[in-house]
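So the structure is just underneath, and the comments pick up after that.
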Amino acid sequence: MSAHDTGFLTAVPAPDDEIEGLVAGVAPEEWQILNTREAFYDRHDVTETIATDPAPSARVAVYAVPLDGSTMPHSAAPVLLSYVDVVIQGYLAVFGPEGVRRFAETTDGWDDAVFIDDRAAPRYPRAQLLTAEETALVDTTLAGLGVVPVRA
121 MSAHDTGFLT
131 AVPAPDDEIE
141 GLVAGVAPEE
151 WQILNTREAF
161 YDRHDVTETI
171 ATDPAPSARV
181 AVYAVPLDGS
191 TMPHSAAPVL
201 LSYVDVVIQG
211 YLAVFGPEGV
221 RRFAETTDGW
231 DDAVFIDDRA
241 APRYPRAQLL
251 TAEETALVDT
261 TLAGLGVVPV
271 RA
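Structure representation (structure tokens):
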């Protein structure tokens with residue numbers, strides 16, 4: 121899988137908007153491993169924009185699609201359903217069903233992207249097994265956004 125054949129979700133600059141997420145500690149010696157894992161994204165320091173209690177004691181970064189759009193979803197770079205499954209499963213675990221709803225409502229590009237249903241043979245390297253309830257939530261969320269994944 122390369123940055124040119126798969127589309128990814130991303131955070132985009134929007135000064136008046138907020139996104140829900142987690143701040144995870146990364147040991148200094150582990151940054152290179154994380155940078156390699158997130159190689160399709162650019163790393164941005166967002167320490168000064170984080171609203172947490174207490175304030176972060178270390179630098180905080182977010183990984184986002186490069187501004188050149190090289191990993192933005194389009195017909196030749198579809199979004200994998202196995203990837204969306206992981207993202208929504210994570211939002212559900214941390215922020216509950218309302219967090220999934222907020223994520224769906226505040227994420228752009230649902231109507232611009234092609235989604236590939238690769239659940240039978242996941243192409244996303246960190247694909248996870250979802251429960252029947254989680255799968256139904258993903259499917260219902262996407263249907264509510266007008267997304268109809270194409271079978272792989």
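If you're matching positions, the sequence shown starts at 121 in our numbering and goes up one per residue. We treat Cβ as the ideally placed atom computed from N, Cα and C, and that holds for glycine.
What number of angstroms, rounded off, separates the C-alpha of residue i from the C-alpha of residue j?
| i | j | result |
| --- | --- | --- |
| residue 188 | residue 161 | 11 angstroms |
| residue 158 | residue 150 | 12 angstroms |
| residue 214 | residue 164 | 23 angstroms |
| residue 167 | residue 251 | 35 angstroms |
| residue 245 | residue 206 | 11 angstroms |
| residue 249 | residue 210 | 12 angstroms |
| residue 224 | residue 147 | 31 angstroms |
| residue 170 | residue 152 | 22 angstroms |
| residue 247 | residue 141 | 19 angstroms |
| residue 264 | residue 155 | 34 angstroms |
| residue 254 | residue 260 | 10 angstroms |
| residue 218 | residue 238 | 26 angstroms |
Rounded to whole angstroms, how far is the Cβ of residue i from the Cβ of residue j, which I believe are closer than 8 angstroms?
| i | j | result |
| --- | --- | --- |
| residue 201 | residue 235 | 6 angstroms |
| residue 180 | residue 230 | Actually they are not in contact, since the Cβ atoms of residue 180 and residue 230 sit about 27 angstroms apart, beyond 8 angstroms. |
Excluding the five sequence neighbours on either side, which residues of its own chain have a C-beta within less than 8 angstroms of the C-beta of residue i, listed in chain order?
| i | result |
| --- | --- |
| residue 199 | 126, 127, 128, 129, 193, 233, 234, 235, 236 |
| residue 228 | 132 |
| residue 138 | 171 |
| residue 145 | 178 |
| residue 240 | 272 |
Decide if residue i is buried, meaning its Cβ has at least 16 other Cβ atoms within 10 Å, or exposed.
| i | result |
| --- | --- |
| residue 226 | exposed |
| residue 270 | exposed |
| residue 136 | exposed |
| residue 122 | Here the model assigns residue 122 a pLDDT of 48, short of 50, so the residue's position is not dependable and the matter cannot be decided. |
| residue 197 | buried |
CB-CB under 6 angstroms to residue i, same chain, minus the five flanking residues each way: which ones, in chain order?
| i | result |
| --- | --- |
| residue 262 | none |
| residue 242 | 202 |
| residue 208 | 220, 258 |
| residue 216 | none |
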